Each structure stands twice: as C-alpha cells, then as structure tokens.
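Residue numbers (my numbering): 21 to 395.
I have placed the structure first, in the form of structure tokens, so that the comments after it can refer back to it.
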C-alpha cells in the first residue's frame, strides 16, 4: 500500500465494500484508504490497523481484478490532486543591448529585459502581437507600435500603414481608430485634415461630413460664420445671386417683401421716403417723377405749378420787365455819351492843321499863325 500521506482520503468518505478472494483468502478491505481514514472522536472505538499479506499462489477472480483497478485509479487521482506544482527553472534576463529573448521568456514592454512566461503559457517564435486599431508598424521585429498621426486613422489590428481621413472628416488626435465627421456649418475639403474649417459668411452647410460649403441663393444670406442655413433678406433689402450679403434698396426704390433679389423703382407721381414702406402719393403742388425719394416744389415767389411744369408768377414777370427796361435805357445812355465824345474829337481835328506838332511850352504848334477869336 501507498504511504498514508499520499493516500489520505476525506474523513467523511465511507469505506469501500470488501471483496471476496478465492483460494482460501480471508475477506479484507478492497483499498487501504479504509484503514487510513480519519480517526473518530472516541479512542476506544478506533479499530486496529490491518495489513494484508501478499497473495502467494492465488489467482484473483474477475471481480477482484476490477476492484484492484478501481483502487489504483482512486489512489492516482488523490495523489495528482494533492501533489504541489514543480518549481520552474525560468529566470528573468536583463541585457544592455537589444537581443532575442531565450525560450520561455517574453520581452518586457519598453525595457531591455525578458520576463518569464506565466504558468500555463509558452512562447511561439512565430507568433507576434498585432498592433491595435489606431496604431501601425511598417517594419518587422519591432518591440512596439506607432500611433497614427493627426489626420490619419486605421481601424484594423495589425496595420502596417495609416489611412488619411477622407474629405468631410477629421482626426484631431494621434492614435485614432476612426475619423470623425465634420459638424454642421463646418467642412474639410482636403484629405488627412486634423480639424474642420467653419463656413464663411454667405455660405452654409446643413449636414454633417461636408467637403465644401454651399453659397446662399438669391434673396437669402448667411451673415455669420459656421452657418447651418440661410436667412431671407428683410423688407427694404435685396441680394443678387452673386452677392454675399443683403443690401439696402437704392434711393428712389422700395421692396415690401422678404427674400427678394432686387428692389422696385418708385412709380411716377409717387415718392418713396423709405425702402420698406409703400410709395406715397405726390402732393398737388409738387412734382414726383419716377424714382423720386421726396416731392419737388416750384419756387413760391417766382414760379407756380401748371400741369407738369412750373410757370412764372405775374410778379416775376413785372420784375423781369422792369429790369429789362432799365437795362435798355442804360445801354442807350452809354451809346449817346460815346457818340458825343466822338463828335468833339472830330471838330478839334478840323481846327488844327494836320502834321503840326505841339509846342512843348505853350501847347501850340510851331510855324503857324495864331488864331484869334472875339473882339
């Protein structure tokens, strides 16, 4: 029988049934486990241990052979369950340079040492850990993986290269396993963007993943950056298809509706003081041609309205006639005065001979006889 330390059974287990042997063998326990059971609490009830003599010259029956096999299997299982694990002979390896780890060890992450495999595991020289999503390694035999840079991603393990984010998407951090879509009002028109750009005023993006912003149609505007939609122009303003913002109507124009591409010209006999109100009827004593901002009046002292024109008042006619007559008389006086002066000069030339010079002292002429007048 095996030593009691290796064949100790559970105290609560019942003893095995006895087996009958032929050839004059006395009955005994089938297994030695029954004789080595845990002692009871009362010492007087403990039976003395019995040792079976080796059977000499006896042939066991089939029933006894089966009982012996069962006893051996039970003892083997008890021994396997209670035996401690054998100590491992592996030891960690520290190195001063990169080298292949010996069998049974694996490299420690980021260090120049090898650590032993855990219990129940082993190393396979052909097995490598794949890079996780968001990381890649283009070279073989490397101890670690590289994170994808900004604007790139990889969603598959074991990648050797990172893919650029498509237009309308971005990756603003390294090690991205997927690209994110641009929000509404933002766009990215190129590959591998690290961030999205806001739509400029006059354009919009009403969905995510925009690769370009759309211009607002005529009569609508987007006055702010990162607009998700366009707004209609207010009354009194307009916006053409090529404009970026709504503009106020020009002088003499008006617009009462929202979202218009142009303004209307103020009609004749009306004036438009404000571009967002209805045209106002022209007063009876004023003129309002087409496109008038305010009425035009005739001069009250000199003109008055007659039909579609201004006429001179009677007082204006009298004043103009008076000034005209005075001007004519003044011209006549000037003409008469000039004619009188011309006549005097002609008479003097007749009294004095031609070609005679005047005396420097007396004012007379030389070599001429004096002329006397009177008595």
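All residues carry an ideal CB built from backbone N, CA and C; glycine is no exception.
Model, not experiment: these values are computed from the prediction.
Which value, in whole angstroms, describes the spacing of the CA atoms of residue 354 and residue 286?
56 angstroms
Assuming contact is defined by CB atoms lying nearer than 8 angstroms, are residue 296 and residue 243 in contact in what I supplied?
Their beta carbons are not under 8 angstroms apart, which means residue 296 does not touch residue 243 by this criterion.
Quick check: the segment 156-165 against the segment 202-221, are at least 3 beta-carbon pairs closer than 8 angstroms?
no
Whole angstroms is fine: what's the gap from residue 180's alpha carbon to residue 156's?
Taking the straight line joining both Cα atoms gives about 5 angstroms.
Hey, residue 223 and residue 235: beta-carbon distance below 8 angstroms or not?
yes
For residue 340 and residue 261, I'd like the C-alpha separation in whole angstroms.
57 angstroms
Per DSSP, what kind of secondary structure is residue 217 in: helix, strand or coil?
strand
For the beta strand (DSSP E) containing residue 127, list its first residue and its last residue.
125-127
Measure the alpha-carbon distance for residue 193 versus residue 265 and round it to whole angstroms.
36 angstroms
Say whether the segment 169-176 touches the segment 117-137, bearing in mind that this needs 3 or more beta-carbon pairs closer than 8 angstroms, one atom from each stretch.
no
Give me, in chain order, the residues of the same chain whose beta-carbon lies closer than 6 angstroms to that of residue 271; leave out the 5 immediate sequence neighbours on both sides.
Excluding sequence neighbours, residue 271 sits near 313.
Along the chain, where does the beta strand (DSSP E) containing residue 332 start, and where does it finish?
It spans 329-332 - the beta strand (DSSP E) in which residue 332 sits, taken as one unbroken run.
Reducing DSSP to helix, strand and coil, say where residue 273 ends up.
strand
Compute the Euclidean distance between the alpha carbons of residue 225 and residue 240, then round it to the nearest angstrom.
14 angstroms
From residue 343 to residue 335, what distance separates their C-alpha atoms?
12 angstroms
Quick one: residues in its chain with C-beta nearer than 8 angstroms to the C-beta of residue 195, no 5 flanking neighbours on either side, listed in chain order?
Excluding sequence neighbours, residue 195 sits near 154, 155, 167, 168.
Helix, strand or coil for residue 244, going by three-state DSSP, please let me know.
Of the three classes helix, strand and coil, the one that applies to residue 244 here is coil, per DSSP.
Just confirm the distance between the C-beta atoms of residue 289 and residue 318, as a whole number of angstroms; I'd bet it's less than 8 angstroms.
Rounded, the Cβ-Cβ distance is 16 angstroms, inconsistent with contact.
Out of 197, 190, 276, which one is the CA nearest neighbour of residue 209?
190
Would residue 53 be called buried (16 or more neighbouring beta carbons within 10 Å of its own) or exposed?
Only weak support is given to the placement of residue 53: the predicted model assigns it a pLDDT of 33, under 50, and the value that follows is read from those uncertain coordinates. Classification of residue 53: buried, given that the 10 Å Cβ count is 16 or more.
Alpha carbon to alpha carbon, how far is residue 364 from residue 349?
23 angstroms
Report back the beta-carbon spacing between residue 281 and residue 238 to the nearest angstrom; my notes put them in contact at under 8 angstroms.
4 angstroms
So, is the C-beta of residue 170 closer than 8 angstroms to a C-beta in chain B?
Absence of chain B from the displayed structure is noted, only one protein chain being present.
In whole angstroms, give me the CA-to-CA distance for residue 115 and residue 133.
6 angstroms
If I follow the unbroken beta strand (DSSP E) through residue 133, where does it start and stop?
Counting along the chain, the beta strand (DSSP E) containing residue 133 begins and ends at 133-136.
Quickly, what does DSSP pair residue 166 with across the bridge? List them, please.
Answer is 156, bridged to residue 166.
Considering only C-alpha positions, which residue in the set 206, 310, 148 is nearest to residue 227?
206
Taking only the alpha-carbon atoms, compute the straight-line gap between residue 333 and residue 276 and give it to the nearest angstrom.
41 angstroms
Within its chain, find whatever has a CB closer than 8 angstroms to the CB of residue 396; leave out the 5 residues flanking it on each side and keep chain order.
In the structure as shown, the chain begins at 21 and stops at 395. Residue 396 is therefore absent and cannot be evaluated.
Can the beta-carbon of residue 292 be found less than 8 angstroms from the beta-carbon of residue 303?
no
Would residue 10 be called buried (16 or more neighbouring beta carbons within 10 Å of its own) or exposed?
Because the chain spans 21 through 395 in this model, residue 10 falls outside it and cannot be assessed.
With H, G and I counted as helix, E and B as strand and the rest as coil, what does DSSP make of residue 196?
Coil, per DSSP.
Taking 8 angstroms as the limit between beta carbons, can you name the residues of its chain near residue 267, skipping five residues before and five after?
Only 257, 258, 259 meet the Cβ criterion.
If you measure between the beta carbons of residue 245 and residue 283, is that distance less than 8 angstroms?
no
Rounding to the nearest angstrom, what Cα-Cα distance links residue 229 and residue 217 in this structure?
12 angstroms
Taking the alpha-carbon of residue 269 as reference, which of 251, 233, 311 has the nearest alpha-carbon?
311
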